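Read top to bottom, the protein sequences are chains A and B. Each residue of the first sequence is one higher than the last, beginning at 1 in this note's numbering. Each residue of the second sequence is one higher than the last, beginning at 1 in this note's numbering. Even for Gly, the Cβ is constructed at its ideal location relative to N, Cα and C. Predicted model, so just to flag it, every value in this text is computed and none were measured.
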Amino acid sequence: VNPDLAEERIKATFDPYQLGNFFWQGQLKRRREIVSYVEAQGAELSPRMPEVFMSRMEQMEDVARLSVGMAKHAEKVIDVFKPEEQFYLNSLICGFNGSPFHLHLIMALPAMINNCDDEQAGEWLPKLLNRELIATYAQTEMGHGTNLRALETTATYDPSTEQFILNTPTITATKWWPGTLGKSANFCVIIAQLWTNGKCYGPHPFWVQLRDIETHKSLPGITLGDIGPKLGTSSNDNGFLRFDNYRIPRRHMLMKHAKVLPTGEYIPPLHAKVGYTSMMYVRSMMIYGHAIYLAQAVTIAIRYSCVRRQGEINPGFTIVQIYFAGEVKVLDYKTQQYRLFPVLAHVFAIAFTGIYINQLYYTVIGDINAGDASLLADLHSLGSGLKALTSWQITKGIEQCRLSCGGHGYSDASGIPSLYTMVAGSLTYEGENIVMLLQTARSLMKI
Amino acid sequence: AAECIYVTDNIEKIKENEFKMQNAISGYIYRKPNNFSQINQNSNVFDYLEAFEHNSRRLILSSFDYIQKLKKLGKTAEEAWNEAGVQLCQASKAHTQTFLVRTFIGTIPKIEDFAVKSVMEDILWLYLSYELVHSAVGLLEEGFLSSQQMDIIRKKMFDSLEKIRPNSVALVDSFDFTDRELRSVLGRKDGKVYENLLEWASNSPLNEYDVLPFHEKYLGSAMRE
Chain A
1 VNPDLAEERI KATFDPYQLG NFFWQGQLKR RREIVSYVEA QGAELSPRMP
51 EVFMSRMEQM EDVARLSVGM AKHAEKVIDV FKPEEQFYLN SLICGFNGSP
101 FHLHLIMALP AMINNCDDEQ AGEWLPKLLN RELIATYAQT EMGHGTNLRA
151 LETTATYDPS TEQFILNTPT ITATKWWPGT LGKSANFCVI IAQLWTNGKC
201 YGPHPFWVQL RDIETHKSLP GITLGDIGPK LGTSSNDNGF LRFDNYRIPR
251 RHMLMKHAKV LPTGEYIPPL HAKVGYTSMM YVRSMMIYGH AIYLAQAVTI
301 AIRYSCVRRQ GEINPGFTIV QIYFAGEVKV LDYKTQQYRL FPVLAHVFAI
351 AFTGIYINQL YYTVIGDINA GDASLLADLH SLGSGLKALT SWQITKGIEQ
401 CRLSCGGHGY SDASGIPSLY TMVAGSLTYE GENIVMLLQT ARSLMKI
Chain B
1 AAECIYVTDN IEKIKENEFK MQNAISGYIY RKPNNFSQIN QNSNVFDYLE
51 AFEHNSRRLI LSSFDYIQKL KKLGKTAEEA WNEAGVQLCQ ASKAHTQTFL
101 VRTFIGTIPK IEDFAVKSVM EDILWLYLSY ELVHSAVGLL EEGFLSSQQM
151 DIIRKKMFDS LEKIRPNSVA LVDSFDFTDR ELRSVLGRKD GKVYENLLEW
201 ASNSPLNEYD VLPFHEKYLG SAMRE
């Protein structure tokens, strides 16, 4: 080990394992078991080369190979019903720049769990968990993002055939951005305006098959594609989707909360916003998950700031003194401490809050299932503000970590550019930050 | 904001407010604020929490007052809401920051290991002082905080940096990231950065060639012309 780093570890006044186990909520040993199993599989579960050296196509192919390897090994190494173990395995093997099962795990599966009635859950959840299909979640449209009421995709009920007819009425109605929608997913949770008996009841979730199970060709009445390169997540085929009178059975409307009877009669949900619980689940997981990316960036920056030496604090060092004593560790400059240690403090503040919000989410979901939705407004309001504030703090923090590594921080060798471009997306997806703050403000004004 | 009437002799109202003060997220808005902060060299974390609560309460109520004033000037509720958009965002940010602070404070007592709790208290104090230094303008403006108190907070921040320095590598080691997860030559656990930087660069597809295939076609021939 580099002596400059080794001597730092001797100074510690506490046992890192104890803090690590607290940070990972008692799961540190479990994490170590998972990572050593993965590393023992060698090349089968490792990227061919650092992904930053691959073209987008090469990255997509390698991450598809790794996803299949992950699916094969998953049950041997993790509890597939534990989302945090699924995410950890997925990030260990496939990285964080996008992989076929990423949205399947973080968006589609929670949306199905929260919106399927018992019969629908019985039919589809086993297939999702066994990865017999690849699913994603399509809500955002080319011209409509955070204002859900303005979504244009329609699902019109036809009582004569007991089917919903899906349509993309305008260019701005095109579903745009959903991860893995372009080439990977063959099923999708679609949020569309529900029309029945001549009346519109607003956005509702529908379960839609997009591609032929055997050939993976897109089905007639459906147009799919990749939206092209973007700031980060290069191995994610963020896609677009258009419907042209595409028909689905009535029972492909997800009916845990709202329902449409064969006659077309609409049965409203218990609470108007209950359909958004999967969005809230994603936000609560996002806060904790992204604190981990900030932890990775600050780990890189603090370690390198002890390896990197530069200049002298006490001027007048002779060449000989510099040769022997060496230049000063960058981390001994007060400015570098002021740049990095508050970022480290933010990691803990955000992670602890993410854990609290996640517990609050499961309380709310538990209550909704028992028929009580009163906590929903609190979680919705707080979750929006937290998503905005923490994504800003995390993105700014990772940028500080990059800058603190000097020129090498700008190189992909640091790993920080990938972290930054991936996290920067969170300033916008899952709700544009300014709109999120205004959502929190609305309930504050009521209070 | 609409319900926060601090001075009232209406018993029903007082009882109702007391109940609402229990809310872990927004109860503080109902509490009648002190005029001055108690922060001094021997403050505990709750004196700092009070400053965050005072700041977000002040921004929430002033946004609310601003909207009421705009309505009295004839603006519709939607126009007033849009006009006050920036203040509303600042109020939301401050309210959310207060929640982050309260949750962090509430987490420390859950740590059983004494040595870990001690280093995490250093981190907490850095977080509180750093964030307060960065959000104190309004508190100074209103006189809730004095400049002497700001000096105390700033000193607390720099003292915390000093205390954390010896533990900084162990703190990041405790996240227990493998080199596989970090995907970083700079962040390697063994700190062997410079030797591995050269090896990492050898992965670049460009390095398969000494002379790039198109060199002669463009630059090579152009230089000889």
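Query	Result
Assigned exposure category for B:N86 - 16 Cβ within 10 Å defines buried	Here residue 86 of chain B turns out to be Val, not Asn, going by the sequence shown. B:V86 should be labelled exposed.
Alpha carbon of B:G226 to alpha carbon of A:L386, nearest angstrom	Residue 226 of chain B lies beyond the stretch modelled for chain B, which goes from 1 to 225, so this question has no answer here.
The region 27-41 of chain B touching the region 49-62 of chain B, judged by at least three CB pairs closer than 8 Å	yes
At least three beta-carbon pairs within less than 8 Å, the region 377-397 of chain A to the region 154-161 of chain B	no
Any chain A beta carbon closer than 8 Å to B:I152	no
Proximal residues, the region 213-236 of chain A versus chain B, C-beta separation under 7 Å	none
Supposed close pair A:S235, A:R339 - CB separation, criterion 8 Å	Actually they are not in contact, since the Cβ atoms of A:S235 and A:R339 sit about 31 Å apart, beyond 8 Å.
Spatial distance of A:M286 from A:E432 (CA atoms)	14 Å
Residue environment, A:Y410, which counts as buried when at least 16 other CB atoms sit within 10 Å	exposed
Which residues DSSP lists as bridging A:R309, in chain order	A:K329
In DSSP terms, what A:G242 is bridged to	Just to set this straight, residue 242 of chain A is Arg in the shown sequence, not Gly. DSSP output for A:R242 lists A:T223 as bridge partner(s).
CB of B:L126 within 8 Å of CB of B:L171, strictly	no
Assigned secondary structure, A:C405 (DSSP; H/G/I helix, E/B strand, else coil)	coil
Unbroken alpha helix (DSSP H) run spanning B:A24, endpoints	From DSSP, B:A24 is part of no alpha helix (DSSP H); its letter is neither H nor E.
Cβ-based contacts, 9 Å cut-off: residues of the region 142-167 of chain B near chain A	M157, F158, S160, L161, E162, I164, R165, P166 and N167
Closest Cα partner of A:P137 within the set A:S184, A:T233, A:E119 and A:D158	The amino acid at residue 137 of chain A is misidentified as Pro; the sequence shows Tyr. The shortest C-alpha separation from A:Y137 is found at A:S184.
Residue-chain proximity (B:G138, chain A), Cβ-Cβ < 8 Å	no
Simplified DSSP state of A:I191, which is helix, strand or coil	strand
Opposing strand residues paired with A:N314 [DSSP bridges]	BP columns for A:N314 are empty, so no partner.
Per-residue contacts from B:Y187 into chain A (C-beta, under 7 Å)	Reading the sequence as shown, one finds Gly at residue 187 of chain B and not Tyr. By Cβ distance, chain A contributes T299, I300, R303, Y304 and G415.
3-residue-minimum beta strand (DSSP E) runs that sit fully inside the region 158-222 of chain A, ordered along the chain	163-167, 187-196 and 199-209
Alpha carbon of A:R303 to alpha carbon of A:R247, nearest angstrom	56 Å
Those residues which DSSP pairs with A:I267 across a bridge	A:K259
Alpha carbon of A:C188 to alpha carbon of A:F22, nearest angstrom	37 Å
Closest by C-alpha distance to A:V364, when choosing among A:L382, A:P203 and A:I134	A:L382
8 Å Cβ cutoff, B:P205 in contact with chain A	yes
Cβ-based burial, A:A150 [other Cβ within 10 Å; buried from 16]	exposed
Close Cβ partners of B:V41 (< 7 Å) along its chain, the five nearest in sequence each way excluded	Correcting the residue identity first, residue 41 of chain B is Gln in this sequence and not Val. Closer than 7 Å at the Cβ level, and outside the excluded window around B:Q41, lie I152.
Residues that A:Y361 bridges to, as DSSP identifies them	According to DSSP, which records beta bridges pairwise, A:Y361 is partnered with nothing at all.
Short CB-CB distance (under 8 Å) between A:T440 and chain B	yes
Distance between beta carbons of A:A173 and A:E141, contact taken as under 8 Å	6 Å
Residues near A:L148 by beta carbon distance below 6 Å, same chain, minus five either side	P203
Cβ of A:C200 within 8 Å of any chain B Cβ	no
Stretch pair the region 288-298 of chain A + the region 331-351 of chain A: three plus CB contacts closer than 8 Å	yes
Positions along the region 75-100 of chain B whose CB lies within less than 7 Å of some CB in chain A	G85, L88, C89, A91, S92, K93, H95, T96, Q97, F99 and L100
Same chain, Cβ closer than 6 Å to B:Q90, five either side skipped, listed in chain order	L59
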